[in-house]
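Single-structure report; data block below.
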Amino acid sequence: MKFSFSNPTKIQFGQGQIASINTLIPKEQRVLVLYGGGSIKKNGVYDQVESALDGYTWEAFGGVEPNPTVETLDKAVEQVKASNIDFILAVGGGSVIDGAKYVAASAKYEGEGWDILTGAHTVDDALPIGAILTLPATGSESNGGSVISKKATKQKLPFMSPLVYPKFAVLDPDVIKSLPQRQVVNGLVDAFVHVCEQYLTYPQNAPVQDGYAETLLKTLIALGKEVDNP
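If you read the sequence shown in the numbering used here, its first letter stands for residue 8, the second for the next number, and so on.
Quick look at the structure:
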(Lines of atoms letter the chains of each structure in order from A and count residues from 1; the text may use other names and numbers.)
(Lines give C-alpha, C1' and ligand atoms only; values in the text may rest on other atoms or scores of the structure.)
Protein backbone atom coordinates (compact mmCIF):
# COMPACT_ATOMS: atom_id res chain seq x y z
CA MET A 1 0.00 0.00 0.00
CA LYS A 2 1.20 3.50 -0.84
CA PHE A 3 -0.30 6.84 0.08
CA SER A 4 0.56 10.47 0.67
CA PHE A 5 -1.15 12.47 3.41
CA SER A 6 -1.05 16.24 3.86
CA ASN A 7 -3.38 18.85 5.29
CA PRO A 8 -1.77 22.26 5.01
CA THR A 9 -4.66 24.24 6.52
CA LYS A 10 -3.74 26.00 9.75
CA ILE A 11 -6.60 25.84 12.27
CA GLN A 12 -7.09 28.85 14.53
CA PHE A 13 -9.53 27.72 17.22
CA GLY A 14 -10.84 29.70 20.17
CA GLN A 15 -12.77 32.71 21.33
CA GLY A 16 -11.73 35.95 19.69
CA GLN A 17 -9.62 34.23 17.03
CA ILE A 18 -11.14 36.25 14.19
CA ALA A 19 -8.78 39.02 15.25
CA SER A 20 -5.83 36.76 14.40
CA ILE A 21 -6.39 37.04 10.66
CA ASN A 22 -4.25 40.18 10.63
CA THR A 23 -1.29 37.94 11.47
CA LEU A 24 -2.20 35.38 8.82
CA ILE A 25 -2.77 37.56 5.75
CA PRO A 26 0.21 39.60 4.52
CA LYS A 27 -0.47 43.32 4.92
CA GLU A 28 0.42 44.12 1.33
CA GLN A 29 -2.22 41.80 -0.12
CA ARG A 30 -5.52 43.15 -1.41
CA VAL A 31 -8.33 41.13 0.14
CA LEU A 32 -11.80 40.18 -1.05
CA VAL A 33 -14.19 39.18 1.74
CA LEU A 34 -16.67 36.69 0.31
CA TYR A 35 -19.85 36.01 2.28
CA GLY A 36 -23.41 34.76 1.98
CA GLY A 37 -26.80 36.15 2.81
CA GLY A 38 -25.81 38.76 5.36
CA SER A 39 -26.21 36.99 8.71
CA ILE A 40 -22.60 37.94 9.52
CA LYS A 41 -23.72 41.56 9.64
CA LYS A 42 -26.32 40.69 12.28
CA ASN A 43 -24.23 38.51 14.59
CA GLY A 44 -21.19 40.78 14.79
CA VAL A 45 -18.84 38.66 12.68
CA TYR A 46 -18.61 41.22 9.87
CA ASP A 47 -17.67 43.92 12.38
CA GLN A 48 -14.92 41.69 13.78
CA VAL A 49 -13.59 41.03 10.29
CA GLU A 50 -13.66 44.72 9.48
CA SER A 51 -11.72 45.48 12.66
CA ALA A 52 -9.15 42.75 11.97
CA LEU A 53 -8.59 44.07 8.43
CA ASP A 54 -7.86 47.60 9.61
CA GLY A 55 -4.90 48.82 7.59
CA TYR A 56 -5.57 46.46 4.69
CA THR A 57 -6.90 47.32 1.26
CA TRP A 58 -10.03 45.20 1.03
CA GLU A 59 -13.52 44.99 -0.38
CA ALA A 60 -16.47 42.65 -0.08
CA PHE A 61 -18.74 40.50 -2.22
CA GLY A 62 -21.95 39.22 -0.66
CA GLY A 63 -24.84 37.10 -1.80
CA VAL A 64 -23.24 33.68 -2.23
CA GLU A 65 -26.20 31.34 -1.98
CA PRO A 66 -26.51 27.85 -0.47
CA ASN A 67 -25.35 25.45 -3.19
CA PRO A 68 -23.38 28.28 -4.79
CA THR A 69 -23.94 28.96 -8.47
CA VAL A 70 -21.46 29.78 -11.18
CA GLU A 71 -23.74 32.64 -12.22
CA THR A 72 -23.20 34.39 -8.88
CA LEU A 73 -19.57 33.43 -8.43
CA ASP A 74 -18.52 34.63 -11.88
CA LYS A 75 -19.53 38.13 -10.77
CA ALA A 76 -17.11 37.77 -7.87
CA VAL A 77 -14.42 36.60 -10.30
CA GLU A 78 -14.96 39.75 -12.36
CA GLN A 79 -14.57 41.87 -9.23
CA VAL A 80 -11.39 40.04 -8.25
CA LYS A 81 -9.83 40.64 -11.65
CA ALA A 82 -10.94 44.27 -11.86
CA SER A 83 -9.58 45.09 -8.40
CA ASN A 84 -6.38 43.03 -8.65
CA ILE A 85 -7.31 41.04 -5.56
CA ASP A 86 -4.51 38.93 -4.04
CA PHE A 87 -6.34 37.00 -1.31
CA ILE A 88 -9.85 35.56 -0.86
CA LEU A 89 -11.27 35.51 2.67
CA ALA A 90 -14.37 33.32 2.88
CA VAL A 91 -16.65 34.17 5.81
CA GLY A 92 -19.45 31.66 6.10
CA GLY A 93 -20.27 27.96 5.92
CA GLY A 94 -19.41 25.31 3.38
CA SER A 95 -21.19 26.97 0.47
CA VAL A 96 -19.25 30.21 0.86
CA ILE A 97 -15.95 28.37 1.24
CA ASP A 98 -16.70 26.17 -1.78
CA GLY A 99 -17.49 29.35 -3.69
CA ALA A 100 -14.23 30.95 -2.61
CA LYS A 101 -12.31 27.98 -4.02
CA TYR A 102 -14.01 28.40 -7.38
CA VAL A 103 -13.34 32.15 -7.39
CA ALA A 104 -9.70 31.62 -6.42
CA ALA A 105 -9.14 29.15 -9.25
CA SER A 106 -11.22 30.95 -11.89
CA ALA A 107 -9.45 34.24 -11.24
CA LYS A 108 -6.23 32.64 -12.48
CA TYR A 109 -7.82 31.16 -15.60
CA GLU A 110 -8.57 33.08 -18.78
CA GLY A 111 -11.28 30.73 -20.03
CA GLU A 112 -14.78 30.00 -18.74
CA GLY A 113 -14.66 29.10 -15.06
CA TRP A 114 -17.15 26.29 -15.59
CA ASP A 115 -14.37 24.48 -17.50
CA ILE A 116 -12.88 23.71 -14.09
CA LEU A 117 -16.01 21.78 -13.11
CA THR A 118 -16.38 19.87 -16.38
CA GLY A 119 -12.74 18.84 -16.39
CA ALA A 120 -11.92 20.82 -19.52
CA HIS A 121 -9.38 22.75 -17.43
CA THR A 122 -7.18 21.39 -14.65
CA VAL A 123 -6.45 23.97 -11.98
CA ASP A 124 -2.80 24.96 -12.28
CA ASP A 125 -2.89 28.20 -10.28
CA ALA A 126 -5.15 29.81 -7.70
CA LEU A 127 -5.29 32.79 -5.38
CA PRO A 128 -4.67 31.99 -1.71
CA ILE A 129 -7.76 31.47 0.47
CA GLY A 130 -8.52 31.87 4.15
CA ALA A 131 -11.75 30.88 5.90
CA ILE A 132 -13.72 32.09 8.88
CA LEU A 133 -16.19 29.32 9.59
CA THR A 134 -19.66 30.35 10.75
CA LEU A 135 -21.40 26.97 10.44
CA PRO A 136 -19.58 23.67 11.05
CA ALA A 137 -20.91 21.03 8.68
CA THR A 138 -19.09 20.12 5.47
CA GLY A 139 -15.39 20.33 6.36
CA SER A 140 -14.74 22.55 3.36
CA GLU A 141 -12.58 24.80 5.54
CA SER A 142 -9.81 22.19 5.57
CA ASN A 143 -9.98 20.35 2.26
CA GLY A 144 -9.38 20.97 -1.43
CA GLY A 145 -12.85 20.10 -2.69
CA SER A 146 -15.68 22.28 -3.96
CA VAL A 147 -19.15 21.66 -5.39
CA ILE A 148 -20.69 24.30 -7.67
CA SER A 149 -24.06 24.50 -9.42
CA LYS A 150 -25.04 25.97 -12.79
CA LYS A 151 -28.61 27.22 -12.90
CA ALA A 152 -28.70 27.50 -16.68
CA THR A 153 -28.17 23.76 -17.18
CA LYS A 154 -29.31 22.50 -13.76
CA GLN A 155 -25.93 20.86 -13.21
CA LYS A 156 -24.07 20.40 -9.93
CA LEU A 157 -20.44 19.32 -10.28
CA PRO A 158 -17.39 18.96 -8.03
CA PHE A 159 -13.75 19.76 -8.48
CA MET A 160 -10.72 19.09 -6.32
CA SER A 161 -7.28 20.63 -6.25
CA PRO A 162 -4.53 20.92 -3.64
CA LEU A 163 -4.13 24.52 -4.81
CA VAL A 164 -7.43 25.58 -3.21
CA TYR A 165 -6.85 24.29 0.30
CA PRO A 166 -7.48 27.24 2.64
CA LYS A 167 -4.24 28.58 4.12
CA PHE A 168 -6.01 28.90 7.45
CA ALA A 169 -9.42 28.37 9.02
CA VAL A 170 -10.71 30.33 12.01
CA LEU A 171 -13.13 28.44 14.26
CA ASP A 172 -14.60 30.62 17.02
CA PRO A 173 -17.09 28.79 19.29
CA ASP A 174 -18.79 32.09 20.14
CA VAL A 175 -19.88 32.37 16.51
CA ILE A 176 -21.46 28.92 16.65
CA LYS A 177 -23.28 29.86 19.86
CA SER A 178 -25.08 32.59 17.93
CA LEU A 179 -26.67 30.07 15.54
CA PRO A 180 -30.28 28.91 15.87
CA GLN A 181 -30.55 25.36 17.21
CA ARG A 182 -31.97 24.15 13.90
CA GLN A 183 -28.86 25.25 12.00
CA VAL A 184 -26.54 23.58 14.50
CA VAL A 185 -28.53 20.33 14.24
CA ASN A 186 -28.46 20.50 10.44
CA GLY A 187 -24.70 21.03 10.57
CA LEU A 188 -24.21 18.01 12.83
CA VAL A 189 -26.27 15.82 10.50
CA ASP A 190 -24.35 17.12 7.48
CA ALA A 191 -21.03 16.32 9.14
CA PHE A 192 -22.28 12.87 10.22
CA VAL A 193 -23.32 11.99 6.67
CA HIS A 194 -20.01 13.19 5.22
CA VAL A 195 -18.08 10.97 7.63
CA CYS A 196 -20.37 8.02 6.85
CA GLU A 197 -19.73 8.48 3.14
CA GLN A 198 -16.04 7.72 3.48
CA TYR A 199 -16.49 5.21 6.33
CA LEU A 200 -18.89 2.98 4.40
CA THR A 201 -17.10 3.06 1.04
CA TYR A 202 -13.74 1.98 -0.35
CA PRO A 203 -10.91 1.57 0.49
CA GLN A 204 -11.51 -1.32 2.85
CA ASN A 205 -9.12 -2.63 5.50
CA ALA A 206 -8.00 0.85 6.53
CA PRO A 207 -8.03 0.61 10.34
CA VAL A 208 -6.51 4.02 11.02
CA GLN A 209 -8.93 5.77 8.67
CA ASP A 210 -11.82 3.78 10.13
CA GLY A 211 -10.66 4.70 13.63
CA TYR A 212 -10.75 8.40 12.78
CA ALA A 213 -14.24 7.99 11.34
CA GLU A 214 -15.58 6.03 14.30
CA THR A 215 -14.27 8.59 16.78
CA LEU A 216 -15.77 11.42 14.76
CA LEU A 217 -19.14 9.68 14.56
CA LYS A 218 -19.18 9.04 18.32
CA THR A 219 -18.24 12.67 18.97
CA LEU A 220 -20.99 13.97 16.69
CA ILE A 221 -23.55 11.76 18.44
CA ALA A 222 -22.41 13.11 21.81
CA LEU A 223 -22.57 16.68 20.53
CA GLY A 224 -26.08 16.02 19.26
CA LYS A 225 -27.16 15.17 22.80
CA GLU A 226 -25.58 18.39 24.06
CA VAL A 227 -27.50 20.41 21.49
CA ASP A 228 -30.71 18.65 22.47
CA ASN A 229 -30.08 19.38 26.16
CA PRO A 230 -27.95 22.54 26.30
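Every residue gets a Cβ at the ideal spot worked out from N, C-alpha and C, and that includes glycine.
Spatial neighbours of residue i within its chain, please: CB distance less than 6 angstroms, with the 5 preceding and 5 following residues excluded, ordered by chain position.
{"i": "V202", "result": "A220, L223, L224"}
{"i": "S185", "result": "N50"}
Rank the options by C-alpha distance to the C-alpha of residue i and give the top, closest one.
{"i": "G194", "options": "F20, F166, K157, S147", "result": "S147"}
{"i": "S168", "options": "E72, G43, P15", "result": "P15"}
{"i": "V98", "options": "A127, S13, G70", "result": "G70"}
{"i": "A111", "options": "G100, S149, F94", "result": "F94"}
{"i": "K3", "options": "G126, K115, N150, Q24", "result": "Outside the modelled stretch of the chain, which goes from 8 to 237, sits residue 3, for which no answer is possible."}
{"i": "K163", "options": "I92, G23, D105, P33", "result": "D105"}
{"i": "S58", "options": "Q24, V87, N91", "result": "Q24"}
{"i": "I92", "options": "G126, A127, Q36", "result": "Q36"}
{"i": "P180", "options": "S11, F20, F12", "result": "F20"}
When DSSP builds the beta bridges, which residues end up paired with residue i?
{"i": "Y116", "result": "For Y116, which the question treats as bridged, DSSP gives no partner whatsoever."}
{"i": "A138", "result": "A97, A176"}
Looking at the unbroken beta strand (DSSP E) that takes in residue i, where does it start and where does it end?
{"i": "G152", "result": "152-157"}
{"i": "E148", "result": "From DSSP, E148 is part of no beta strand (DSSP E); its letter is neither H nor E."}
{"i": "K82", "result": "First-last for K82: 77-89, but that is the alpha helix (DSSP H), not the beta strand (DSSP E)."}
{"i": "K17", "result": "17-20"}
Less than 8 angstroms between C-beta atoms, sequence neighbours within five positions excluded: which residues of the same chain meet that for residue i?
{"i": "D81", "result": "S113, G120"}
{"i": "V234", "result": "Q188, V191, V192, L195"}
{"i": "L227", "result": "L195, A198, F199, V202"}
How far does the alpha helix (DSSP H) with residue i in it reach, from first residue to last?
{"i": "M10", "result": "Residue identity differs from the one stated: residue 10 is Phe in this sequence, not Met. No alpha helix (DSSP H) contains F10, which DSSP labels as neither H nor E."}
{"i": "Y219", "result": "214-235"}
{"i": "P180", "result": "180-184"}
{"i": "V200", "result": "188-206"}
{"i": "E57", "result": "52-59"}
- Message: With three or more C-beta pairs closer than 8 angstroms as the rule, is the stretch 62-78 touching the stretch 207-216?
- Response: With the cut-off at 8 angstroms, the stretch 207-216 and the stretch 62-78 do not touch.
Three Cβ pairs or more, each shorter than 8 angstroms: is that satisfied between the stretch 21-40 and the stretch 132-142? A contact exists between the stretch 21-40 and the stretch 132-142.
Exercise for the section: Mind the definition here: the stretch 52-68 touches the stretch 150-157 only if three or more C-beta pairs lie below 8 angstroms; say whether that holds. Expected result: Verdict: no, contact absent.
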